[in-house]
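Novice:
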Amino acid sequence: MTATAESNWTSIEYPRECTFSNNDWEILSNMWYPLALESDIGDKPQKLRLLDVDLVVSRLGGEYVVARDICIHRGAPLSEGWIKDGCLVCPYHGYRFKSDGQCVLVPSHPDWNIPAKLKLLTVRHELRYGLIWVCLSGQPTNQIPVWEPEESDGNYRRFHLGPEVWNCSAGRLIENFIDNAHFSFIHQSSFGKEDSATMGADYEFTQDEFTMTMEFDYQATNPDDSPIANTAELNRHMHRTLYLPFCTRTVISYPEDREHVIHFNIAPVSARKAQIIAVFHRNFDHDVPVEDLLAWEKKIIYEDRAIVELQKPEEIPMDIAEEVHAKADKASLALRRWMIKLGLEGEMTA
Ligand code: FES
Ligand SMILES: [Fe+2]
1456 MTATAESNWT SIEYPRECTF SNNDWEILSN MWYPLALESD IGDKPQKLRL LDVDLVVSRL
1516 GGEYVVARDI CIHRGAPLSE GWIKDGCLVC PYHGYRFKSD GQCVLVPSHP DWNIPAKLKL
1576 LTVRHELRYG LIWVCLSGQP TNQIPVWEPE ESDGNYRRFH LGPEVWNCSA GRLIENFIDN
1636 AHFSFIHQSS FGKEDSATMG ADYEFTQDEF TMTMEFDYQA TNPDDSPIAN TAELNRHMHR
1696 TLYLPFCTRT VISYPEDREH VIHFNIAPVS ARKAQIIAVF HRNFDHDVPV EDLLAWEKKI
1756 IYEDRAIVEL QKPEEIPMDI AEEVHAKADK ASLALRRWMI KLGLEGEMTA
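Under this note's numbering, read the sequence shown as residues 1456 to 1805, first letter to last.
1. Suppose contacts are defined by Cβ-Cβ distances below 8 Å. Is Pro1600 in contact with Tyr1698 by that definition?
2. Measuring only the C-alpha atoms, how far is Ile1717 from His1642?
3. Using a threshold of 7 Å, is the CB atom of Gly1655 nearer than that to any non-hydrogen atom of ligand 1?
4. For Gly1585, which residues of its own chain have a beta-carbon under 7 Å away from its beta-carbon, when the five flanking residues on both sides are left out?
5. Once DSSP output is grouped into helix, strand and coil, what is the label at Thr1696?
6. Which residues have their C-beta within less than 5 Å of a heavy atom of ligand 1, listed in chain order?
7. Can you look up Tyr1550 in the DSSP assignment and give me helix, strand or coil?
8. For a test of your reading of the model: does the CB of Ile1721 fall under 7 Å from any non-hydrogen atom of ligand 2? Yes or no.
9. Under three-state DSSP, which class holds Ala1460?
10. For the putative contact between Ser1639 and Gly1626, defined by C-beta atoms under 8 Å, what is the C-beta separation to the nearest angstrom?
11. Check for me: the alpha helix (DSSP H) holding Asp1759 runs from which residue to which?
12. So the alpha helix (DSSP H) Gly1626 belongs to, where does it begin and stop?
13. I want to know whether the region 1467-1486 touches the region 1545-1558 - three or more CB-CB distances under 8 Å.
14. So, Glu1630 versus Ser1787, is the Cβ gap smaller than 8 Å?
15. Can you find a heavy atom of ligand 2 that lies under 7 Å from the Cβ of His1580?
16. What are the boundary residues of the beta strand (DSSP E) that Ile1707 is part of?
17. Determine the contact status of Ala1522 and Leu1573, defining contact as a CB-CB distance below 8 Å.
18. With a threshold of 6 Å on Cβ separation, who are the neighbours of Gly1593 within its own chain once the five nearest residues in sequence on each side are excluded?
19. Does the beta-carbon distance from Thr1703 to Phe1614 come in below 8 Å?
20. From the DSSP output, which residues share a beta bridge with Trp1537?
21. Please tell me whether Phe1665 and Gly1655 are closer than 8 Å, where the distance is taken between their beta carbons.
22. Determine the closest residue to Glu1688 out of Trp1567, His1715, Ser1645, with distance taken between C-alpha atoms.
23. Compare the beta carbon distance of Leu1506 and Val1512 with 8 Å and say whether it is the shorter of the two.
24. Ligand 2 and His1642: does the residue's C-beta get closer than 7 Å to at least one heavy atom of that ligand?
25. Could you please give me the residues that DSSP links to Arg1691 through a beta bridge?
26. Report the residue from Ser1708, Tyr1519, Leu1765, His1528 whose alpha carbon sits nearest the alpha carbon of Gly1541.
27. Looking only at C-alpha atoms, which of Val1724, Thr1577, His1741 sits nearest to Val1508?
28. Decide if Glu1714 is buried, meaning its Cβ has at least 16 other Cβ atoms within 10 Å, or exposed.
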């Protein structure tokens, strides 16, 4: 399968030893996913995995290149190579590839008229908000999230956590981030309050082709180790957008126009591993060191991690009747219905 003539990316095919069924993999490969932070791509090629496909991400001559982690000469992993003169160098025979993917030097035959086929198997990518977004098929059916106004408004301070790979499916993980009824329990040692349980369960919900939104108030505790200043309790107004299938943007508004925006960016590494990059924007507490804010966020999302890595079955059941749904679960139920409509079966081959 080849891409359109004007593009230089390749449509990646179903990998060997894939943990997704062929059906599900084909559908999921038609999505944008947040693969890496630009700032993490330095002077070495970096290996990453998406939907069981090994990829190499490099910065060549000021441009980011995402490609299959395989050299078309003899199949060596390019991520074991290095960068020289703005080219990615294969570690096996030293072939050099430049940012448009083409091989420009075969060291054993420097005068060879290099065939056009000798190139990187590049994957379609976009840069947005300092992240590298990737679509394996090159034909995305979803949309990259919108991070405004927090990205362009200088009053917000930005920090991030990850990328980290967790032992859970991307489906279970994103369901956690659109689930509000868990705050009062799993987060009792951070911000959750048991007698606020009904607040997280009753929320306004809307959806369109690419997003789902949730809006509600939650009365949170504010323990002493929280970096948020001086009050034992806080009303959080929460407005969350799920960018289908695996990214959320949540605006948490506190009194006096204080806003904390959380972006959870999830990419399915395999059917049972998910990579998370969490990006935070905050327009207050600028005197609090970022390390303290980050430590607090980490404490909270590791409370989530502790439970999502234990859920069974690991994948979301695509049979609606397999689990029980309360009113609080309307967002996750809508997500499951969207997945079923898309044709996902939730079956794994491994
Ligand atoms: S396998 Fe890459 S140059 Fe030979
Ligand atoms: Fe949580």
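Note that CB positions come from ideal geometry on N, CA and C, so glycine has one too.
Specialist: Answer, in terms of the structure:
1. yes
2. 16 Å
3. no
4. Leu1492, Glu1493, Ser1494
5. strand
6. Cys1526, His1528, Arg1529, Ala1531, Cys1545, Tyr1547, His1548, Tyr1550
7. coil
8. no
9. Here the model assigns Ala1460 a pLDDT of 42, short of 50, so the residue's position is not dependable, and the following value carries that caveat. The answer is coil: DSSP assigns Ala1460 none of H, G, I, E or B.
10. Incorrect: roughly 23 Å between the Cβ atoms, too far for contact.
11. 1745-1763
12. 1625-1632
13. no
14. yes
15. no
16. 1702-1709
17. no
18. Ala1458, Trp1464, Ser1466, Arg1579
19. no
20. Val1544
21. no
22. Ser1645
23. no
24. yes
25. Tyr1673
26. Tyr1519
27. Val1724
28. buried
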